[in-house]
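Visitor:
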Amino acid sequence: MKQLIINADDFGFTTDVNAGIVQAHRQGVLTSTTLMATGDAFGDAVRLARATPTLDIGCHLVLVQGTSVLTGRELPTGPRALISALARNRIDVYPELRAQIEKITACGLKLSHLDTHKHTHIVPTVFRAVVRLAAEFRIPYVRLPLDSTLPCQTWIAPFRRLYLRIANRRAIKTTDHFMGFRLTGSLNEASFAAAIRALPEGTTEFMCHPGYLGPDLAAADTRLKESRVRELEALTSPRIKQLINESKVRLRPFCAATLP
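Structure follows, in C-alpha cells:
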C-alpha cells in the first residue's frame, strides 16, 4: 500500500503563508503542517490551527534564521553558521528546542511530529536532541533527514541507518520514505504529479511550502515567494486529486490517533 503524508513547513512564518497552508488543507490534498514557535505570525497560526481541527500539527524546530525563544538573541544565520556555533559550543540545542515545543504545547496544541527549519536535524547532534525531545513530549514521529530521491543512495544508506538507530532507541517513528526536499523552490503541478507517480510502497512524507504572496511574505527574508503560490496551486489542483485517487494512494496525517 502507498500512503502519503503531505506536510507544509513554515506554519507561523507570515500570515499569508498561514492562509495558504490552511487553504491547501481545506481545498486540497495537504494533510499536515509544522508550526514555527519563532514565526512572526505564530499567534495567527495558533488561531487557525484551533479553527481547523482536521489539520495535523507538528513543530518546525528553528535553530537558524530567527530569534531564540529561550534567550531572545539572534540564532545563527544559516546551517554553516550553526555548525560553526555547535563546534564552538556557542549554542545549546536541547534547551532551545525544548522551549520552542513548550511554547506551542502551552497553547493547547497536541503535536504529532517534529522536523526542522532548513533541515538542520541532518546534523547528528541535532537529530539526537530532536529525538530525545520527541520521546520526552510523547511526540510519535520525527522526519527522516534524507530525501529518498537523492542520488548516490548507496553512499547515503549508512547515514539513514544511523538516524533510524537513534530513533529506534527511544521508540520514535519515522515514515518509510521522505520526499520534497529536492523540489523546494521548483515544485509545481507537473513535478508534483511526477513525484506521485514515482511513490514507493509504504508511507512517504512529502514536504512542501505553500502560501499566498501577500505583503508580509513579500517583505520577508526568504527566497521562497512566488514558488509558494505555485505550490499552493499544485496542492489544490483537481488533477492532482484525481491522480492520487487513480494511483490508489491513501492520504493520511501523522497524528497518532490515525496511525497504527
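Using my numbering, the first residue of the sequence shown is number 23, and each one after it goes up by one. Backbone N, C-alpha and C define an ideal beta-carbon position, used for all residues, glycine too.
Pull up the DSSP beta-bridge partners for N29, would you.
Guide: According to DSSP, which records beta bridges pairwise, N29 is partnered with S54, M229.
Visitor: Below 8 Å between beta carbons: does that hold for G34 and L57?
Guide: In contact: G34 and L57 (Cβ atoms closer than 8 Å).
Visitor: Starting from F214 and walking both ways along the alpha helix (DSSP H), at which residues does that stretch end?
Guide: Element bounds for F214: 211–219.
Visitor: With distances taken from CA atoms, which of R102, F203, Q264, R183 is nearest T196?
Guide: Of the candidates R102, F203, Q264, R183, the one whose C-alpha sits nearest the C-alpha of T196 is R183.
Visitor: I need the DSSP call for I79, collapsed to helix, strand or coil.
Guide: Strand, per DSSP.
Visitor: Below 8 Å on the Cβ atoms is my guess for I105 versus P232; work out the distance and round it to an integer in Å.
Guide: Going by Cβ atoms, the distance from I105 to P232 rounds to 29 Å, so no, they are not a contact pair.
Visitor: Looking at the secondary structure, which residues open and close the beta strand (DSSP E) in which F200 lies?
Guide: Its beta strand (DSSP E) spans residues 199–201.
Visitor: Hey, how far is the Cα of V148 from the Cα of V115?
Guide: Between V148 and V115, the C-alpha separation is close to 7 Å.
Visitor: Less than 7 Å between C-beta atoms, sequence neighbours within five positions excluded: which residues of the same chain meet that for F214?
Guide: Closer than 7 Å at Cβ, skipping near neighbours: A256, I262.
Visitor: What is the DSSP secondary structure of K24, reduced to helix, strand or coil?
Guide: If DSSP states are grouped into helix, strand and coil, K24 belongs with the strands.
Visitor: Where P237 and E253 are concerned, what is the direct C-alpha to C-alpha distance, given to the nearest angstrom?
Guide: About 18 Å.
Visitor: Within a Cβ cutoff of 8 Å, which residues of the same chain sit near R250, ignoring the five residues on either side of it in sequence?
Guide: The residues are V39, G42, H231, P232, G233, Y234, L235, L239.
Visitor: Under 8 Å, with one C-beta from each stretch per pair, do the stretch 126–134 and the stretch 92–110 reach the 3-pair mark?
Guide: Contact fails: fewer than three Cβ-Cβ distances are below 8 Å.
Visitor: Considering only their Cβ atoms, is the gap separating L26 from L273 smaller than 8 Å?
Guide: Result yes, Cβ atoms of L273 and L26 sit closer than 8 Å.
Visitor: Using 8 Å as the threshold, is the C-beta distance between V153 and A121 below it?
Guide: No; because the gap between Cβ atoms is not below 8 Å, this pair is not in contact.
Visitor: Using the beta-carbon count (16 or more within 10 Å), is T280 buried or exposed?
Guide: Residue placement at T280 is poorly supported in this model, since its pLDDT is 40, which falls under 50; the coordinates still yield a value, given next. Burial call: exposed.
Visitor: In the DSSP assignment, find the alpha helix (DSSP H) that holds H47 and state where it starts and stops.
Guide: Its alpha helix (DSSP H) spans residues 37–48.
Visitor: Run through DSSP, which three-state label would R274 get?
Guide: If DSSP states are grouped into helix, strand and coil, R274 belongs with coil.
Visitor: Rounded to a whole number of angstroms, what is the C-alpha to C-alpha distance between P146 and Y185?
Guide: Distance between the alpha carbons of P146 and Y185: 8 Å.
Visitor: Is the Cβ-Cβ distance between A109 and A157 less than 8 Å?
Guide: For A109 and A157, no; Cβs fall outside 8 Å.
Visitor: Thinking C-beta only, is G80 closer than 8 Å to L136?
Guide: Their beta carbons are under 8 Å apart, which means L136 touches G80 by this criterion.
Visitor: So if DSSP puts G224 in a beta bridge, which residue, or which two residues, is it bridged to?
Guide: DSSP output for G224 lists K24 as bridge partner(s).
Visitor: Could you check how far apart the C-beta atoms of Q87 and H139 are, in whole angstroms? I think they sit under 8 Å.
Guide: The pair is a contact, with the Cβ atoms about 7 Å apart (cut-off 8 Å).
Visitor: Report yes if the C-beta distance between R165 and E124 is below 8 Å; otherwise report no.
Guide: In this structure, E124 does not lie closer than 8 Å to R165 by Cβ.
Visitor: Excluding sequence positions up to five away, which residues of its chain have a Cβ less than 7 Å from the Cβ of D32?
Guide: So the list reads V39, M58, H82, H231, once near-sequence residues are dropped.
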